[in-house]
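Undergrad:
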Amino acid sequence: MTALGLAVPSSEPYPWPYDEAAVADRTALVVVAAQEGLVPRCAAAPATLGIIAELTAAARAWGATVVATRHAASPAQRRPGLLPRAGTAGWNLVAGIEPDCVVDAFGVDGFTGSPLAEHLAGLDVDHLLLCGLGLEGPVHSTMRSANDRGLECLLVVDACASLDPSVADAAVRMIEMSGGIFGAVAPSSEVRRALTLTGPLSPPLEV
Amino acid sequence: MFGPVEAEPYVWPFDGGFDAARTAMINIDWQVDFCGPGGYVDAMGYDLKLTRAGLEPTARVLAAARAVGMPVVHTREGHLPSMVDCPANKLWRSKRIGAGIGDPGPCGRILVRGEVGWDIVPEVAPIDGEVIIDKPGKGAFYATELDLVLRSQGVTHLVFTGITTDVCVHTTMREANDRGYECLLLEDCTGATEYGNYLAALQMVKMQGGVFGAVAPSSAFLATLGKPGK
Chain A
44 MTALGLAVPS SEPYPWPYDE AAVADRTALV VVAAQEGLVP RCAAAPATLG
94 IIAELTAAAR AWGATVVATR HAASPAQRRP GLLPRAGTAG WNLVAGIEPD
144 CVVDAFGVDG FTGSPLAEHL AGLDVDHLLL CGLGLEGPVH STMRSANDRG
194 LECLLVVDAC ASLDPSVADA AVRMIEMSGG IFGAVAPSSE VRRALTLTGP
244 LSPPLEV
Chain B
473 MFGPVEAEPY VWPFDGGFDA ARTAMINIDW QVDFCGPGGY VDAMGYDLKL
523 TRAGLEPTAR VLAAARAVGM PVVHTREGHL PSMVDCPANK LWRSKRIGAG
573 IGDPGPCGRI LVRGEVGWDI VPEVAPIDGE VIIDKPGKGA FYATELDLVL
623 RSQGVTHLVF TGITTDVCVH TTMREANDRG YECLLLEDCT GATEYGNYLA
673 ALQMVKMQGG VFGAVAPSSA FLATLGKPGK
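Chain order of the listed sequences is A and B.
Per this note's numbering, residue 44 is the first one in the first sequence, and the count goes up by one each step.
Per this note's numbering, residue 473 is the first one in the second sequence, and the count goes up by one each step.
And the structure:
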């Protein structure tokens, strides 16, 4: 096995990624909904944001693109919900989150009302590391949609803050059902270790 | 107009009532592959009783919905026989656990359109005139005509049944809520491959004041329609 691609052999329920190793220029760290308005809704947000910052630094040093999704209530949504309206204070990214680019979404799902799919395709990215605020909300919706689009997803579990700790464990189990129905799951310690062990270059072409 | 439904965490719908013609019943993936012997879920070794539990109440709601003139939409997950619409990672994961998509099984090729396992089970089968949405993924809005169909028919409210609660039902309800549809999930008309995940999936709809809509027993919905619950 090549040492040049990213692999997290201890991830559950299978060693991520399915295709043995992810290369940096086709991998993005997606920081989902790290916004002021989500902080009061997630009790663990302050600690989680520290983990996200460390993960962001490691992913960037390795060579992955860091994308932040910024979620606003959809103009179609008439019932008041989880998300801040665009342009309000709650809609802003939390200070210290420093992505390479910000993608605006209009929904709980980062793919709804947003150019996220096109943006990732334009970058040639097909492997995602996911973290953010709202494990059961924005993070889960975004992971589900990414997976339906064929993107290979790894949830960095302690880099996600729960909206409802009574269902956080189940939210992780749901991902791991049926052999990894939405992808795989690993803790940030394992992901960061893999990122620092791995060179940023693509593996040599097999001729 | 029908009056509101006793639901959690709020009385559904948020706008006070619903018009049958603008309220669609969305039946998610009641296919042999997910609740029939020899199908995909059976091949993975899960207990079919859990995914079949909602069939009887769903059949009652289906009859009532048809009687009051609600549009009914059925969805099916399945891939083209050539498998060109199956992502490589989805195929790899299924083969790794011994239930490969496209592989032959007792109900034909697993999760492939046109096979016996792909059919909707007879208890809740579509009738002439009802829309059937074929989808390659978990969400019924991605890569399908569902949103176009609903908007063209003026549908604004959705009532969900189907399987599995935590996977295809939840993904589709999340997509629908983001698109502005007012959603209700009937808790006894759905099931998951793990009971704890079923309960957690219901809670995830209700958390934070109803992130994705509301949840009610079918008896409450039937009572609002003026139909007996049993």
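Glycine included, every Cβ here is placed at the ideal spot set by N, Cα and C.
Note that the structure is a prediction, hence the values are computed from the model and not measured.
If you count every other CB in all the chains shown that lies within 10 Å of the CB of threonine 665 of chain B, and 16 or more means buried, which is it?
TA: It is buried - the Cβ of threonine 665 of chain B has at least 16 other Cβ atoms within 10 Å.
Undergrad: Excluding the five sequence neighbours on either side, which residues of its own chain have a C-beta within less than 7 Å of the C-beta of glycine 586 of chain B, listed in chain order?
TA: Pro553.
Undergrad: Between the alpha carbons of proline 89 of chain A and glycine 685 of chain B, how many angstroms are there, rounded?
TA: Taking the straight line joining both Cα atoms gives about 28 Å.
Undergrad: What residues from chain A crowd round tryptophan 484 of chain B, counting only those whose CB sits closer than 7 Å?
TA: Simply none; closest approach about 10 Å.
Undergrad: I need the boundaries of the alpha helix (DSSP H) containing isoleucine 95 of chain A, first residue and last residue.
TA: Segment 88 to 105, the alpha helix (DSSP H) holding isoleucine 95 of chain A.
Undergrad: Applying the criterion that 16 or more other CB atoms from any shown protein chain within 10 Å of the CB defines a buried residue, is arginine 17 of chain A buried or exposed?
TA: With chain A running from 44 to 250 in the structure shown, residue 17 of chain A is simply not present.
Undergrad: Going along the chain, which residues of its own chain have a beta-carbon closer than 7 Å to the beta-carbon of aspartate 619 of chain B, five neighbours each way excluded?
TA: Once the five neighbours on either side are set aside, the close Cβ partners of aspartate 619 of chain B are Phe613, Arg651.
Undergrad: Which of the residues in the segment 222 to 234 of chain A, read from start to end, lie with their CB under 7 Å from any CB of chain B?
TA: Per Cβ criterion, the list reads Gly222, Gly223, Ile224.
Undergrad: Take the Cβ of glycine 517 of chain B as the centre, count every other Cβ of all protein chains shown within 10 Å, and call the residue buried at 16 or more, exposed below.
TA: Exposed.
Undergrad: Find the residues of chain A that neighbour arginine 548 of chain B, judging by a C-beta separation of less than 7 Å, and give them in chain order.
TA: Simply none; closest approach about 15 Å.
Undergrad: Name, please, each residue of chain B whose Cβ falls closer than 8 Å to the Cβ of aspartate 152 of chain A.
TA: Arg646, Glu647, Asp650, listed in chain order.
Undergrad: Can you tell me which of A/Asp169, A/Gly223, A/Gly153, A/Met186 puts its alpha carbon nearest to the alpha carbon of alanine 76 of chain A?
TA: Of A/Asp169, A/Gly223, A/Gly153, A/Met186, the residue nearest in Cα terms is A/Gly153.
Undergrad: Between which two residues does the beta strand (DSSP E) holding alanine 148 of chain A run?
TA: Its beta strand (DSSP E) spans residues 144 to 148.
Undergrad: Who are lysine 607 of chain B's beta bridge partners in DSSP?
TA: Its beta-bridge partners are B/Glu549.
Undergrad: For tyrosine 57 of chain A and glycine 193 of chain A, which I take to be in contact (beta-carbon distance under 8 Å), what is that distance rounded to the nearest angstrom?
TA: 16 Å between Cβ atoms; not a contact.
Undergrad: Give me the residue from B/Gly489, B/Ile500, B/Asp491, B/Asp487 with the minimum Cα distance to valine 603 of chain B.
TA: Cα-wise, what sits closest to valine 603 of chain B is B/Ile500.
Undergrad: Leucine 238 of chain A: which of A/Leu159, A/Ala67, A/Thr131, A/Val182 sits nearest, CA to CA?
TA: Closest option to leucine 238 of chain A, Cα to Cα, is A/Ala67.
Undergrad: Please state whether DSSP places cysteine 507 of chain B in a helix, a strand or coil.
TA: Note: cysteine 507 of chain B maps to helix in three-state DSSP.
Undergrad: Just to confirm, is the Cβ distance from histidine 114 of chain A to alanine 148 of chain A under 9 Å?
TA: Yes. Within cutoff.
Undergrad: If you draw a straight line from the C-alpha of valine 593 of chain B to the C-alpha of glycine 508 of chain B, how long is it?
TA: Near 8 Å, if we compare the C-alpha coordinates of glycine 508 of chain B and valine 593 of chain B.
Undergrad: Tell me which residues share the same chain as alanine 46 of chain A and place their Cβ nearer than 6 Å to its Cβ, disregarding the 5 neighbours each side in the sequence.
TA: Below a pLDDT of 50, predicted positions are generally treated as unreliable, and alanine 46 of chain A, at 44, falls in that range; no measurement from the model is reported.
Undergrad: If contacts are defined as beta-carbon pairs under 8 Å, then glycine 133 of chain A and glycine 80 of chain A qualify, I think. What distance do you get, rounded to the angstrom?
TA: With a Cβ gap of about 3 Å, glycine 133 of chain A and glycine 80 of chain A count as contacting.
Undergrad: Tell me, please, which residues DSSP counts as bridged to glutamine 78 of chain A.
TA: Paired residues: A/Leu136.
Undergrad: To the nearest angstrom, report how far apart arginine 235 of chain A and leucine 49 of chain A are at their CA atoms.
TA: Taking the straight line joining both Cα atoms gives about 10 Å.
Undergrad: Check alanine 686 of chain B in the structure and name its three-state DSSP category.
TA: Residue state, collapsed to three classes: strand.
Undergrad: Assign proline 476 of chain B to one of three DSSP states: helix, strand, or coil.
TA: Three-state result, proline 476 of chain B: coil.
Undergrad: Use the C-beta contact count for threonine 131 of chain A: other C-beta atoms within 10 angstroms, 16 or more gives buried, fewer gives exposed.
TA: With fewer than 16 Cβ atoms within 10 Å of its Cβ, threonine 131 of chain A is classed as exposed.
Undergrad: For cysteine 144 of chain A, count neighbouring C-beta atoms within 10 Å of its own C-beta (all shown protein chains included) and say buried if the count is 16 or more, exposed if not.
TA: Flag for cysteine 144 of chain A reads exposed.
Undergrad: Can you tell which of A/Leu98, A/Glu161, A/Ile218 has the C-alpha that lies nearest to the C-alpha of glycine 139 of chain A?
TA: Of the candidates A/Leu98, A/Glu161, A/Ile218, the one whose C-alpha sits nearest the C-alpha of glycine 139 of chain A is A/Leu98.
Undergrad: Listed from N- to C-terminal order along the chain, which residues in the segment 157 to 180 of chain A have their beta-carbon within a distance smaller than 8 Å of any beta-carbon of chain B?
TA: Residues Glu179, Gly180.
Undergrad: So which of B/Cys655, B/Ala597, B/Tyr667, B/Ala673 has the shortest CA-CA distance to glycine 124 of chain A?
TA: Residue B/Cys655 is the option with its Cα nearest to glycine 124 of chain A.
Undergrad: If you draw a straight line from the C-alpha of phenylalanine 693 of chain B to the C-alpha of glutamate 478 of chain B, how long is it?
TA: Those two C-alpha atoms are separated by around 8 Å.
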